Every structure is written in structure tokens, then in C-alpha cells.
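Residue numbers (the working numbering): 9 to 450.
Just so you know, even glycine gets a beta-carbon here, dropped at the ideal spot from N, CA and C.
Predicted model only: the values in this text are computed from it and were never measured.
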Amino acid sequence: MGGLPDVRVGPLKRAHGSIVLPGSKSISNRVLLLAALSSGTTTLKNLLDADDTQVMRNALCQLGLTVTDQLNQVCVVEGCGGKFPVQEADLFLGNAGTAMRPLTAALAMQGGNYRLSGVARMHERPIRDLVDGFRQVGAKIEYELQEGYPPIKILAADIQIQNVVKVRGDVSSQFLTALLMALPLVATDPIRIEVIGESISRPYIDITLKLMARFGVNVACPDMQSFIIPAKTSDAVYKSPGQLSVEGDASSASYFLALGAIGRGPVKVLGVGNDSIQGDVAFADALALMGANISAGEDWIEVSGVKNANGKLNGITLDCTEIPDAAMTLAVAALFADGPTRLNNIASWRVKETDRIAAMAKELKKVGAIVEEGADYIVVQAPASPNDWKSPSEGIDTYDDHRMAMCFSLAAFGPNALKINDPNCVAKTFPTYFTEFSKVVN
9 MGGLPDVRVG PLKRAHGSIV LPGSKSISNR VLLLAALSSG TTTLKNLLDA
59 DDTQVMRNAL CQLGLTVTDQ LNQVCVVEGC GGKFPVQEAD LFLGNAGTAM
109 RPLTAALAMQ GGNYRLSGVA RMHERPIRDL VDGFRQVGAK IEYELQEGYP
159 PIKILAADIQ IQNVVKVRGD VSSQFLTALL MALPLVATDP IRIEVIGESI
209 SRPYIDITLK LMARFGVNVA CPDMQSFIIP AKTSDAVYKS PGQLSVEGDA
259 SSASYFLALG AIGRGPVKVL GVGNDSIQGD VAFADALALM GANISAGEDW
309 IEVSGVKNAN GKLNGITLDC TEIPDAAMTL AVAALFADGP TRLNNIASWR
359 VKETDRIAAM AKELKKVGAI VEEGADYIVV QAPASPNDWK SPSEGIDTYD
409 DHRMAMCFSL AAFGPNALKI NDPNCVAKTF PTYFTEFSKV VN
């Protein structure tokens with residue numbers, strides 16, 4: 009797109025074809041950090057090459073690691089055995105929550121002095137619960153501007169191991185992920201993490217646990233609210249698996265699966281399937297509830313239109329706790345459904361790249377949808393007739409949020425062409441999205 013201020017799409021009638029998915033952002037940034045903290049050299053295959061993962065790569069290089077990008081999304085990381093070579097650094101992390109939260113945790117265990125900052129929106133995304141968790145073990149972390157938010161300063165401190173560390177689980181799963189990945193570095197005795205309140209996005213925690221196990225650290229889970237970090241048996245806690253292949257991004261898959269339903273299909277995504285460790289593959293189950301025809305194998309999913317004779321999806325009510333990112337795609341898919349679609353337990357949308365509930369409600373109304381929003385839910389009713397669809401001259405705003413841009417590309421299957429503003433924000437996780445999109449629609 010070369011820096012275009014907007015992109016025009018539609019009106020579209022059909023979607024068919026296949027796509028090889030880029031690597032998962034959630035997995036990519038986790039394995040980059042785990043590989044950096046491990047002993048040995050790790051070759052990462054199908055690693056996502058996008059803004060968020062470049063932020064993590066750049067930060068690791070600033071911390072003294074050797075991170076080498078090779079052809080075909082291969083990256084080689086020379087591990088440091090748990091101790092970063094650089095003990096004083098000023099890191100700019102953009103708007104990458106999957107870099108800010110885990111790096112904060114890992115750096116708090118280093119005994120060095122660091123400053124972490126990001127773009128303006130990152131300075132509005134909460135980090136208090138993570139900081140509170142590490143203060144329990146003696147970490148010294150200061151807020152530079154607003155209490156509870158980045159930028160933050162991490163000061164050299166002696167970590168005092170506690171048997172129990174508590175963290176809230178109802179704001180972001182990234183806080184718990186960060187604790188899980190960092191505490192093994194200092195666990196001279198077993199450490200029990202207790203989650204206060206309900207833990208949101210449990211599938212993202214499961215990704216963390218499975219990847220930690222690939223690097224030699226097995227965390228016990230006696231119940232849904234407790235995690236026991238094992239005592240370390242050597243200074244180098246994490247051990248490189250040698251090589252690791254990153255799954256395709258299940259959140260990115262959601263847009264193409266929805267295309268297969270709305271645009272009659274078949275559309276096939278390659279890189280995720282029945283064997284995926286990502287919770288967002290459950291998006292396919294949600295589409296099936298809406299009446300889509302779904303088939304899947306170990307590493308692929310295909311959608312071929314809908315079961316209803318009228319070609320429309322069904323409105324549904326769904327608890328989206330386990331698919332918070334992919335649930336955004338359902339909100340736009342609801343434009344092509346009979347009856348209202350209500351998405352519940354999406355409070356985490358409020359603290360993402362933008363306030364996604366407010367943004368989604370505003371932009372859906374622009375195309376003629378009837379929308380109700382609450383603190384942790386959204387209800388979307390499709391325009392009553394083709395004449396009720398609108399094509400806003402000001403375009404669809406994307407709020408520097410990659411998922412807003414990708415979601416609203418689906419709305420071009422309505423009766424009108426749409427202008428999507430700042431399409432280049434997709435570079436955060438899927439730089440070639442609109443190119444791949446254009447290959448499967450007409």
C-alpha cells in the first residue's frame with residue numbers, strides 16, 4: 009500500500025481461494041523472549057515479521073542479544089542463559105503489549121536499570137497489576153508519568169523470593185503470562201502464583217504454558233486459579249529446543265474464515281487447525297453456531313458459505329472470554345446475520361490498541377447497523393434492508409488499530425463500497441493483509 013492514507017474496497021460479491029497464514033503474533037513474541045532467556049541457540053521458523061515482533065527483536069538487540077533474521081521468516085536467537093548482557097537500557101516498545109508486559113517482567117528479575125516506554129496509546133494501557141505482582145518479590149518499579157501506566161523505570165533490586173505471588177486476572181492475560189515466564193528465573197524454591205478474580209483469556213495462558221514446556225520449564229496447575237513455578241535446578245533455567253516452528257496466526261485466520269461464510273466460499277486457511285495451541289481457532293466454532301459450513305484438518309480450516317437458504321448467518325449470543333481478539337470479527341460478521349448478535353465478556357477490548365468497544369460501535373453505526381454497547385458487551389443488529397446500508401463519505405476510522413482495519417474489510421460485502429482510513433496500521437501484525445485479501449475476493 010506504500011503509505012496510502014486510505015483504501016477503497018467493494019462492493020464485493022464472492023470470496024474463494026486459500027491463504028497461508030503469517031506466524032502467530034502471540035506465539036512469535038513469546039518464543040523470541042524465551043529463546044533469548046534460554047541457554048543455546050534457537051532457530052525460529054515461520055516467525056511473524058511485523059511491527060510488534062520487530063519491536064521485540066529490536067529490544068532484545070538493545071539488551072545485548074544476537075538476533076539474526078534470515079530468509080523465509082526464519083530467525084536465529086543466541087540465548088543468554090537468563091541474564092541479559094546489557095544491564096542498563098532505554099527501550100521504546102511502540103504499542104506492542106506482547107513486548108511491554110513480558111519484557112517488564114523479565115527485566116525486573118535482572119538486577120539492572122531500565123526504562124520502558126511506547127506510543128501515546130501504550131501510555132494509556134494499564135500495567136499496575138503486573139507491577140504490583142513484582143513488587144511482592146522486591147522488584148523496584150516506578151511510574152514516570154501516570155500511576156499505573158507506562159512509561160516505567162525498573163531499578164536494580166534484590167529479589168526476595170516469596171512462596172506465593174498474587175495477581176489479578178480480570179484485566180489482561182498478559183500480566184499472568186509475564187509472571188509465568190519471568191519468575192522461573194529466580195525460583196530458588198517453588199513459587200505459587202494465585203490469580204485473584206476470574207482469569208480472562210485462559211487460552212492465551214495455555215499458549216504460554218505449552219511454550220514454556222518446549223523450553224524445559226513445566227508449570228503445574230492444580231486448579232484454574234493457581235500455577236506452581238518449579239524451583240530452578242541451574243542458573244540457566246530455560247533450555248533451547250534447537251528449533252521451533254510458529255503456527256499461523258489464528259486471530260488473522262478469523263477474517264478469511266468470515267469471508268468464506270459471507271462470500272459463499274470456499275475459503276481455506278493453511279497454518280492452523282485441529283492441532284493448534286491457540287484459543288482463537290474456536291472462532292470457527294462460533295461461525296458454525298452462526299450457521300457457516302466448516303471443515304478442518306490438523307493444520308487447515310475451510311469455510312464454504314452458510315447453511316441457511318437465504319445465504320445469511322444467524323445472530324447469536326456468545327461468551328467471548330476465550331476468543332477476545334477474534335470476537336471483533338464476529339461483530340462485523342453480524343452485519344450479515346438475521347437477528348441481533350450479542351458478544352459478552354469483552355471488557356478487555358477497552359484496554360487494547362484502542363477502546364475497541366467504543367470504536368467498533370461508532371464505525372458499525374456508520375454503515376447503518378443498530379448497536380448497543382456496555383462496559384463488557386456489544387450488541388449488533390444488521391441494517392434492516394439494502395437501502396439502510398450507508399457508505400460514509402468520511403470513511404471507516406481505524407484508530408491506529410490493525411484489527412479495526414482488517415475487520416471492516418468484511419463490510420465491503422454490503423451493497424456499498426467502503427473507504428478504510430489508515431490501512432497501513434495492519435503492519436502491526438499482518439503487513440500484507442490487503443494484498444492477500446484482494447487475492448480471494450471479487
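Subject >> C-beta atoms of K174 and I213 nearer than 9 Å >> reply: By one-based count along the sequence shown, residue 174 stands at place 166. By one-based count along the sequence shown, residue 213 stands at place 205. Contact: no.
Original post:
Does DSSP classify R16 as helix, strand or coil?
Top reply: Here residue 16 refers to the residue found at position 8 when the sequence shown is read from its first residue. Correct three-state label for R16: strand.
Original post:
Are the Cβ atoms of T452 and G87 separated by less than 9 Å?
Top reply: The structure shown does not extend to residue 452, since the chain spans only 9 to 450, so no value can be given for it.
Original post:
N37: which of S446, G268, M130 and V85 sits nearest, CA to CA?
Top reply: Numbered from its first residue, the sequence shown carries residue 37 at position 29. Comparing Cα-Cα distances from N37 to each of S446, G268, M130 and V85, the minimum goes to V85.
**OP:** Could you give the DSSP three-state label for G10: helix, strand or coil?
**Re:** The count along the sequence shown starts at 1 and reaches residue 10 at position 2. Low per-residue confidence applies at G10: pLDDT is 48, beneath 50, and the placement is therefore not dependable enough to give any value.
Original post:
Smallest Cα separation from D268: which of L295, N282, Q251 and D257?
Top reply: For the purposes of this step, residue 268 is taken as the residue at position 260 of the sequence shown. Inspection of the sequence shows that residue 268 is occupied by Gly rather than by Asp. Here the closest residue by C-alpha is L295.
**OP:** Can you grab the Cα-Cα spacing for the pair V449 / G376, in whole Å?
**Re:** Here residue 449 corresponds to residue number 441 of the sequence shown, with the count starting at 1. Here residue 376 corresponds to residue number 368 of the sequence shown, with the count starting at 1. Each residue's alpha carbon lies about 23 Å from the other.
**OP:** Please confirm whether R16 and A425 have their CB atoms less than 9 Å apart.
**Re:** Position 8 of the sequence shown, counting from 1, holds the residue named residue 16. Position 417 of the sequence shown, counting from 1, holds the residue named residue 425. Against a cut-off of 9 Å, the Cβ pair of A425 and R16 comes out as a contact.
Original post:
Secondary structure at G72, three-state DSSP: helix, strand or coil?
Top reply: Locating residue 72 in the sequence shown gives position 64, where the first residue counts as 1. Note: G72 maps to coil in three-state DSSP.
**OP:** Take G25 and list the residues in its own chain whose beta-carbon comes closer than 8 Å to its own, dropping the five residues that flank it on each side.
**Re:** Residue mapping note: residue 25 aligns to position 17 of the sequence shown, counting from 1. If we look at G25 and ignore the five residues flanking it on each side, its Cβ neighbours are V275, K276, K447 and V448.
Subject >> Segments assigned alpha helix (DSSP H), at least 4 residues, entirely inside the stretch 256-295 >> reply: 258-270
Subject >> For E206, three-class secondary structure by DSSP >> reply: Counting from 1 along the sequence shown, the entry for residue 206 is found at position 198. The answer is coil: DSSP assigns E206 none of H, G, I, E or B.
Original post:
Using 8 Å as the threshold, is the stretch 334-341 in touch with the stretch 304-313, meaning 3 or more CB pairs across them?
Top reply: no
**OP:** Can you tell me which of L73, T106, T61 and G119 puts its alpha carbon nearest to the alpha carbon of M189?
**Re:** Position 181 of the sequence shown, counted from the first residue, corresponds to residue 189. That would be T106, whose Cα lies nearest to the Cα of M189.
**OP:** Please name the residue, chosen from P159, G224, Y246 and S242, that lies closest to P134 on a Cα-to-Cα basis.
**Re:** Taking the first residue of the sequence shown as 1, we reach residue 134 at position 126. Nearest C-alpha to P134: P159.
Original post:
Where does N80 fall in DSSP's three states?
Top reply: On the sequence shown, position 72 is the one that residue 80 refers to. If DSSP states are grouped into helix, strand and coil, N80 belongs with coil.
Original post:
DSSP beta-bridge partners for N353?
Top reply: As a first step, residue 353 is located in the sequence shown; it is residue number 345 there, counting from the start. The partner list for N353 (beta bridge, DSSP) is empty, contrary to what the question assumes.
Subject >> Alpha-carbon spacing of D14 relative to T437, whole angstroms >> reply: Position 6 of the sequence shown, counted from the first residue, corresponds to residue 14. Position 429 of the sequence shown, counted from the first residue, corresponds to residue 437. Approximately 18 Å between the Cα atoms of the pair.
Subject >> C-beta contact flag for I27 and F264 at 9 Å >> reply: Taking the sequence shown and counting its residues from 1, the one referred to as residue 27 is at position 19. Taking the sequence shown and counting its residues from 1, the one referred to as residue 264 is at position 256. Note that the C-beta distance between I27 and F264 is below 9 Å.
Original post:
Is the Cβ-Cβ distance between L343 and V388 less than 9 Å?
Top reply: Along the sequence shown, one-based indexing puts residue 343 at 335. Along the sequence shown, one-based indexing puts residue 388 at 380. Cβ distance < 9 Å, so L343 and V388 count as in contact.
Subject >> Residue from S46, D77 and I236 with nearest C-alpha to D57 >> reply: Sequence index remark: in the sequence shown, residue 57 carries index 49 (1-based). D57 has its Cα closest to that of D77, out of S46, D77 and I236.
**OP:** Consult DSSP for F235 and reduce its assignment to one of helix, strand or coil.
**Re:** Reading the sequence shown from its first residue, position 227 is the one you call residue 235. DSSP places F235 in strand when its eight states are reduced to three.
Original post:
Taking the beta strand (DSSP E) that T337 falls in, what are its first and last residues?
Top reply: Working through the sequence shown from its first residue, we reach residue 337 at position 329. It is not in any beta strand (DSSP E) - T337 instead sits in the alpha helix (DSSP H) that spans A335 to A341.
Subject >> Short Cβ contact (9 Å threshold) for R123 with D140 >> reply: The count along the sequence shown starts at 1 and reaches residue 123 at position 115. The count along the sequence shown starts at 1 and reaches residue 140 at position 132. The Cβ-Cβ distance between R123 and D140 does not fall below 9 Å.
**OP:** Could you work out which residue in R129, R364, F291 and V340 is closest to C328 when comparing CA atoms only?
**Re:** On the sequence shown, residue 328 is found 320 positions in, with the first residue counted as 1. For C328, the nearest C-alpha among the options comes from F291.
**OP:** Return the CA-CA distance between E6 and M130, expressed in angstroms with no decimal places.
**Re:** Since the first residue of the chain shown is 9 and the last is 450, residue 6 is not available in this structure.
Subject >> V203 beta carbon less than 9 Å from that of L217 >> reply: Taking the first residue of the sequence shown as 1, we reach residue 217 at position 209. Taking the first residue of the sequence shown as 1, we reach residue 203 at position 195. Cβ distance not < 9 Å, so L217 and V203 don't count as in contact.
Subject >> G403 versus G177: straight-line alpha-carbon distance, rounded >> reply: For the purposes of this step, residue 403 is identified with residue 395 of the sequence shown, where counting begins at 1. For the purposes of this step, residue 177 is identified with residue 169 of the sequence shown, where counting begins at 1. Rounded to the nearest angstrom, the two C-alpha atoms are 37 Å apart.
**OP:** Using beta-carbon positions only, say whether R358 and A366 come within less than 9 Å of one another.
**Re:** Against the sequence shown, residue 358 aligns to sequence position 350. Against the sequence shown, residue 366 aligns to sequence position 358. Cβ atoms of R358 and A366: closer than 9 Å.
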